[in-house]
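See below for the structure under consideration.
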Amino acid sequence: MNYGFIRVAAATHAVVVADVIHNTEEICRMIEEARQNQASLLVFPELSVTGYTCHDLFLQNTLLARAEKAVDELRRFSVDYEMVIVAGFPFSYKNKLYNCAAVICKGALLGIVPKRFIPNYQEFYEARYFTPGDRLPVTVDFLGEETLFGGNILFRCKDIEHFVIGVEICEDLWMPLTPGTTHALAGATVLVNSSASDEVVGKTLYRNQLVGGKSASLICAYIYANTGIGESTQDLVFSGHNVIAENGAIVSESGRFADEILYGDI
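Given below as structure tokens:
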């Protein structure tokens with residue numbers, strides 16, 4: 000933090016669908032790049048560890064186990080980094096599968112936030128695999144360590160009073176009453192969104208309006224990280240369009256069809 004500002008980042012990595020080892024290596028590479036650029040918060044796309052378009056591979060225990068191991072690898076990798084890292088992965092709990100974001104900082108898994116709203120219309124059919132997450136957090140065992148799992152979790156920096164993070168995942172932002180609204184009313188000043196939003200004509204402008212408008216109405220910063228071209232393997236096209244907004248203004252916006260990190264000072 001410098002003179003009341005914090006550098007945040009939204010990353011689109013070179014994802015390979017279902018190649019957890021490759022994706023984890025790319026995420027670690029970008030964590031190091033963000034550290035060199037003095038980012039305090041780094042957000043990766045939805046299901047960034049596995050890829051979003053795995054489809055029926057999400058029903059394979061091998062993929063799910065490897066994804067959990069990857070999150071643990073990211074946790075251990077982060078030990079020496081003064082940075083909050085948000086990465087997406089599938090998490091199985093009580094025989095149900097959830098689309099989640101892992102929040103990691105300095106070697107600790109601070110919490111697991113599930114996607115609240117599961118799209119199941121037009122080109123999306125996530126309900127085939129995923130269960131909507133609960134708002135009420137519970138304590139779960141994650142590879143031998145206890146952590147919180149649930150929607151209503153805020154991540155507060157003990158050293159910076161007004162740096163309080165709330166997490167949304169993709170469709171959560173598009174709802175009339177978003178989880179981010181609840182987070183902001185509870186004290187969140189920074190909202191992050193791990194997303195896998197495909198491209199259609201006019202959607203880039205609409206995303207900007209949605210992210211900017213939400214940051215205005217909730218008087219907060221909003222970091223939106225979208226998945227990239229590596230997911231464009233079947234019917235849909237993904238562009239990696241990332242946006243950082245604060246109080247209604249677009250602080251920075253990435254180009255499309257490039258795997259890179261977008262930075263902004265909020």
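Okay, so the sequence shown: first residue is 0 according to numbering that gives the first Met the number 0, each after it adds one. By construction, the Cβ of each residue, glycine as well, lies at the ideal position given by its N, Cα and C atoms.
Asked, Found
"CA-to-CA distance, Ser-194 to Asp-258, given in whole angstroms", "14 Å"
"Neighbourhood of Thr-23 by C-beta, 8 Å cutoff - its chain only, sequence neighbours within 5 removed", "Val-48, Ala-69, Glu-72, Leu-73"
"The ligand GDP heavy atom lying under 7 Å from the CB of Thr-23", "As presented, the structure is devoid of all ligands, the ligand GDP included, so that no description of it is given."
"Test item: CB-CB of Ile-228 and Ile-243 under 8 Å", "no"
"Whether Pro-136 touches Gly-149 by CB criterion (8 Å)", "yes"
"Residue from Val-210, Val-83, Glu-252 whose Cα sits closest to the Cα of Leu-108", "Val-83"
"Separation of Ser-216 from Leu-172, as counted between CA atoms", "13 Å"
"Distance, Glu-122 Cα to Tyr-262 Cα", "30 Å"
"Identity of the residues DSSP links to Ala-101 by a beta bridge", "Ala-86, Ile-111"
"Nearest-angstrom Cα separation, counted from Leu-46 out to Leu-63", "11 Å"
"Range of the contiguous alpha helix (DSSP H) that encloses Asn-225", "Element bounds for Asn-225: not the alpha helix (DSSP H) but the beta strand (DSSP E), 220–225."
"Test item: CB-CB of Ile-30 and Tyr-80 under 8 Å", "yes"
"From Glu-167, Gln-208, Asp-197, residue whose alpha carbon lies closest to that of Gly-239", "Asp-197"
"Rounded Cβ spacing between Leu-40 and Val-189 (contact assumed at less than 8 Å)", "7 Å"
"Candidates Ala-183, Leu-209, Gly-201, Ala-8, of which the one nearest Ile-218 by Cα", "Ala-183"
"Contacting residues, own chain, Cβ-Cβ under 7 Å from Ala-185 (five flanking each side not counted)", "Leu-153"
"Alpha helix (DSSP H) segment containing Ala-66, residue limits", "60–76"
"Spatial distance of Ile-164 from Asp-55 (CA atoms)", "32 Å"
"Endpoints, alpha helix (DSSP H) assigned at Tyr-205", "202–216"
"First and last residue of the uninterrupted beta strand (DSSP E) at Leu-235", "Neither: Leu-235 is in no beta strand (DSSP E) and is coded neither H nor E."
"Buried or exposed by the 16-neighbour rule on C-beta atoms within 10 Å, applied to Phe-162", "buried"
"Residue from Gln-35, Tyr-2, Cys-99, Gly-179 with nearest C-alpha to Ala-66", "Cys-99"
"Burial state of Gly-212 (16 or more Cβ within 10 Å)", "exposed"
"Gly-3 versus Arg-127 - alpha carbon distance", "45 Å"
"Residue interval of the beta strand (DSSP E) (run including Gly-263)", "260–264"
"Integer Cβ distance of Ala-224 from Asn-192, believed to fall under 8 Å", "7 Å"
"Cβ pair Ile-265, Val-7 closer than 8 Å", "yes"
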